[in-house]
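Visitor:
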Amino acid sequence: MSSAPLAERDYATAPAQRPAMGDLPGLVRLSIALRIQPNDGPVFFKVDGQRFGQNRTIKLLTGSSYKVEVKIKPSTLQVENISIGGVLVPLELKSKEPDGDRIVYTGTYDTEGVAPTKSGERQPIQITMPFTDIGTFETVWQVKFYNYHKRDHCQWGSPFSVIEYECKPNETRSLMWVNKESFL
């Protein structure tokens, strides 16, 4: 299996200045994995080209639970929750990886009550994750929610294991600039 990203998006980067405050990491690397429950099944995305706001659409099933796994480097950073489309997902500390270089949090995202996306449309959903002391990670995912009767559509496209982000905290410790997003 190749380690090349399935899809990648570059962002305009913040001015290359060193923060004046101490112990602010120069770069934060984080990955977000989604697995449909109860069997840890893969989540798929589809390349839509320029038809919508973004060129990739993540496919999710309404009335379902997804295991969310967040890995963060450096391992000294702390988060308590992630908001996915306004749904607050509490995160529990799972472990530090054996090499001690990443910290792992898990939670459950539930799509119960989410309305299916209309045919030919996509939904932008806001993702936010406030970090203790260094600011908030924010991005937008383009999603299509399918109902149970169209569940097979959720498996059309390319499966992904994680979405990786490379971020730079800003000097005011309020937001993190997203330099790069990769679907792997």
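Residues in the sequence shown are numbered consecutively from 127, following the working numbering. Every residue gets a Cβ at the ideal spot worked out from N, C-alpha and C, and that includes glycine.
Less than 8 Å between the C-beta atoms of F271 and L186, yes or no?
Guide: Closer than 8 Å, so yes.
Visitor: Find the nearest neighbour of S209 within the set V194, L219 and T188, judged by alpha-carbon distance.
Guide: Nearest C-alpha to S209: V194.
Visitor: Cβ of V269 within 8 Å of Cβ of I253?
Guide: For V269 and I253, no; Cβs fall outside 8 Å.
Visitor: Please name the residue, chosen from G226, Q204 and K222, that lies closest to I216 on a Cα-to-Cα basis.
Guide: Rather than Ile, the amino acid found at residue 216 in this sequence is Pro. Of G226, Q204 and K222, the residue nearest in Cα terms is Q204.
Visitor: Expressed to the nearest angstrom, what Euclidean distance is found between the alpha-carbon atoms of E307 and Q163?
Guide: Distance between the alpha carbons of E307 and Q163 is about 25 Å.
Visitor: Let's see if you can read the secondary structure: which residues bound the beta strand (DSSP E) around P216?
Guide: That run of the beta strand (DSSP E) goes V213 to P216.
Visitor: Go through its chain and collect everything with a Cβ distance to H279's Cβ below 6 Å, but skip five positions before and after it.
Guide: Here the set comprises Y272.
Visitor: Are the beta-carbon atoms of W282 and F170 separated by less than 8 Å?
Guide: It is a contact, given that the beta carbons lie within the stated cut-off.
Visitor: Looking only at C-alpha atoms, which of D149, P200 and G179 sits nearest to Y291?
Guide: The option with the nearest alpha carbon to Y291 is P200.
Visitor: Are T188 and P250 touching if we call contact CB-CB under 8 Å?
Guide: Against a cut-off of 8 Å, the Cβ pair of P250 and T188 comes out as no contact.
Visitor: Measuring CA to CA, which of Y274, D259 and P285 is closest to E297?
Guide: Of Y274, D259 and P285, the residue nearest in Cα terms is D259.
Visitor: Cα separation between P285 and I184?
Guide: About 10 Å.
Visitor: Considering only the alpha carbon of each residue, which of R248, D174, P256 and R177 lies closest to L214?
Guide: The option with the nearest alpha carbon to L214 is P256.
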